[in-house]
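Encoded as structure tokens, the structure appears first; notes follow it.
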Amino acid sequence: MSLSRETLAALIAQHGPVARVVVAGVAGSTPREVGAAMIVWPGGQSGTIGGGALELAATERAIATLADGTDRFDRVPLGPSVGQCCGGRVDLLTEIWTGEKFATLGAVHARPCPGEAADMPLAVARVLNSARAQGTAPGPQMLGGWMIEPVDRLTRRLWIYGAGHVGRALVETLAPLPDMAITWVDSSDARFPGAVPATVTP
Numbered sequence: 250m251s252l253s254r255e256t257l258a259a260l261i262a263q264h265g266p267v268a269r270v271v272v273a274g275v276a277g278s279t280p281r282e283v284g285a286a287m288i289v290w291p292g293g294q295s296g297t298i299g300g301g302a303l304e305l306a307a308t309e310r311a312i313a314t315l316a317d318g319t320d321r322f323d324r325v326p327l328g329p330s331v332g333q334c335c336g337g338r339v340d341l342l343t344e345i346w347t348g349e350k351f352a353t354l355g356a357v358h359a360r361p362c363p364g365e366a367a368d369m370p371l372a373v374a375r376v377l378n379s380a381r382a383q384g385t386a387p388g389p390q391m392l393g394g395w396m397i398e399p400v401d402r403l404t405r406r407l408w409i410y411g412a413g414h415v416g417r418a419l420v421e422t423l424a425p426l427p428d429m430a431i432t433w434v435d436s437s438d439a440r441f442p443g444a445v446p447a448t449v450t451p
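Using the working numbering, you'd call the opening residue of the sequence shown number 250 and step up by one each time.
In structure tokens:
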């Protein structure tokens with residue numbers, strides 16, 4: 250999973266500061282995987298970390314986090330104490346997001362969890378450098394007290410009208426480009442080629 254830049258920007262614009270709760274680590278049986286997240290604001294939320302008592306408690310903590318202005322890290326055993334019988338453990342990182350913080354968001358969001366050293370551990374630097382060298386983004390993970398998450402890039406939406414020779418040439422040229430979401434429109438399905446690129450919706 251990735252941190253959704255578009256969703257986060259829209260919710261900050263609509264509600265002001267929000268709290269984002271991300272599953273930073275898991276052990277044993279858990280309702281969601283590392284990287285699953287929800288965004289909370291007074292009176293609402295978007296996304297899920299698995300529902301049930303875990304999500305209810307995390308939502309309440311997120312509202313408190315917004316009120317006191319301090320990010321937090323919680324290690325939650327999923328047993329009788331939270332009324333969930335999964336038997337595993339979930340690590341939750343709750344962070345406050347404002348417009349100013351959002352403006353600093355890069356292609357990968359790597360940061361220390363509350364209470365951890367601000368100096369990036371060598372293991373984290375290696376993961377980031379390796380991903381950069383390969384032209385990929387690292388998967389969501391907690392490493393050396395730091396949380397690493399890939400950030401969705403903004404998608405450029407493009408509508409192409411006509412599946413004739415010009416439309417086909419445009420799709421052939423633009424479909425391989427990164428961050429393109431192409432919608433291809435024609436009044437006759439017969440004009441489309443047999444194979445349409447995966448990034449194109451006919």
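Even for Gly, the Cβ is constructed at its ideal location relative to N, Cα and C.
For the set Leu392, Ala367, Arg324, the Cα lying nearest the Cα of valine 376 is the one of Leu392. In this model, isoleucine 431 and alanine 418 are separated by some 13 Å (Cα to Cα).
Cα atoms of histidine 358 and arginine 440: separation of roughly 43 Å, rounded to the nearest angstrom. A distance below 7 Å between beta-carbons, with the five flanking residues on each side excluded, links proline 361 to the following residues of its chain, in chain order: Ala367, Gly394, Trp395. Taking all protein chains shown into account, alanine 262 has fewer than 16 neighbouring C-beta atoms within 10 Å of its C-beta and is therefore exposed. Boundaries around aspartate 340 are those of the beta strand (DSSP E), 338-346, since no alpha helix (DSSP H) includes it. Per DSSP, the continuous beta strand (DSSP E) segment holding isoleucine 397 begins and ends at 395-399.
Counting only residues of its own chain and dropping the five nearest sequence neighbours on each side, valine 449 has a CB closer than 7 Å to the CB of Val420, Ala424, Ile431, Trp433. In this model, methionine 287 and leucine 341 are separated by some 11 Å (Cα to Cα).
DSSP, read as helix, strand or coil, puts proline 329 in helix. When DSSP reads this structure, arginine 269 sits in a beta bridge with Ile288, Glu344. For leucine 392, DSSP records a beta bridge to Trp395. Note that the C-beta distance between aspartate 317 and glutamate 344 is not below 8 Å. Contact annotation, alanine 302 with glutamine 333: C-beta distance approximately 5 Å; criterion of less than 8 Å satisfied. Taking the CA atoms as reference points, tyrosine 410 sits about 21 Å from proline 427.
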